[in-house]
Each structure stands twice: as structure tokens, then as C-alpha cells.
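One structure below.
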Amino acid sequence: MFPPAAVVFLLELPARPATYAAIGAIAFICLQGAAYWGLKYRQVTSRAPRPVGLAMFRWLRLIDVAVLVGALAVIVTDPEVGTVLLWVLALGEYVSLYVVHLYYVTPPPSKRAAEPEWLHAPRLARDLRAGPVQAHAPGRGKPARRRR
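The opening position of the sequence shown corresponds to residue 48 in the numbering used here, with each subsequent residue numbered one higher.
Structure, rendered in C-alpha cells:
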């Protein structure tokens, strides 16, 4: 990963606090996505019902809002087009990670008309909604099976 100064140089952005705030926000959110997919890989390889460590993402989702608001407060003091665009990209990453999956191939208009639910929740949001795996109470035997 490039250090923030390299990103500033490569994008020809001014080396100001607003630029570093925008880069910091997007890096913080992108690292969460990488961490989640690392946990998801471990879940798949171990055949676990849920990824381990999802509680951390409940807190990170709240911290992300504070990071985005803080970065915006710094950017507003010295707005540049590039830093504002980086902040918007960070906001898009947050939305795509926790709210609605934004980055995928858009289906053709005929399919969108037939299936209005083509926007779907990202996997992290679905895993957070599902909650932790419930184990049966000890000493009570196996949990009852559902009939189909």
C-alpha cells in the first residue's frame, strides 16, 4: 500500500490536512472491507456458520460515521475538487460496505423492470443482521429439528 504522501503526489493533490483527511477516511473504510473478506475466507475454509469477529464491525460502522463527518469538517475548511471527490468515494465505500451493494454490473433494463429488487444488501450487512450463531442450551439435549 502506498503511503499517503505517495497518493498525494500521484494524484497531484495539494499536501494539505484536507487531502490527508480524505485519504485517511477512504483507507480506513477500505481496510475494513479487506478485513471482512479475510474473515469471510476463514469462515468458508473452516465451514463455520458465520464469520468470527462480526461484533467488531458493529462498532466500526459507528466509528466510520464519525470518521466521515470529521474528514468532511476538515475538508470544508479547505475544499479542493480532488479532496471532495476522494471523500465522496469514501462515502460510497461506506454505503457499499454497510448499506446497499453499489459496485456490480447493472442488469439490463428489462431485467430491472422484471425484478425491482436488484439492489441488494451487501454480505457484511446481511451477516450483521443475522447475528451470532445460537448454540443450544447445555443439558437440554439437541435442538428440535424443523419439519419441512
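Cβ atoms here follow ideal geometry from the backbone N, Cα and C, with glycine treated the same way.
Look at residue 146 here: in three-state DSSP terms it is coil, with no helix or strand label.
With a contact defined as Cβ atoms closer than 8 Å, residue 69 and residue 124 miss out at about 12 Å. With a minimum length of 4 residues, the unbroken runs of alpha helix (DSSP H) contained wholly in the region 63 to 93 fall at 64 to 93. Here residue 109 has no same chain residue with a Cβ atom under 6 Å from its own Cβ, once five neighbours each way along the sequence are excluded. Its chain contains 149 as the residues whose beta carbon lies nearer than 7 Å to that of residue 139, once the 5 sequence neighbours on both sides are disregarded; these appear in chain order. Per the C-alpha coordinates, the member of 106, 92, 134 positioned closest to residue 175 is 106. Listed in chain order, the non-local C-beta contacts of residue 75 below 6 Å within the same chain comprise 114, local neighbours out to five positions each way being set aside. Separation of the CB atoms of residue 72 and residue 134 is rounded to 6 Å, and the pair is thereby assigned contact status at 8 Å. With a minimum length of 3 residues, there is no unbroken run of beta strand (DSSP E) contained wholly in the region 95 to 123.
From the listed residues 64, 79, 121, the smallest Cα separation to residue 103 is found for 79.
Per DSSP, the unbroken alpha helix (DSSP H) holding residue 172 starts and ends at 170 to 177. For residue 140, the secondary structure class from DSSP, reduced to helix, strand or coil, is helix.
Ranked by how close their Cα comes to the Cα of residue 111, the residues 94, 121, 177, 141 have 141 in first place. Residue environment analysis places residue 171 among the buried positions, since at least 16 neighbouring C-beta atoms fall within 10 angstroms of its C-beta.
In this structure, residue 122 lies away from residue 62, with their beta-carbon atoms at least 8 Å apart.
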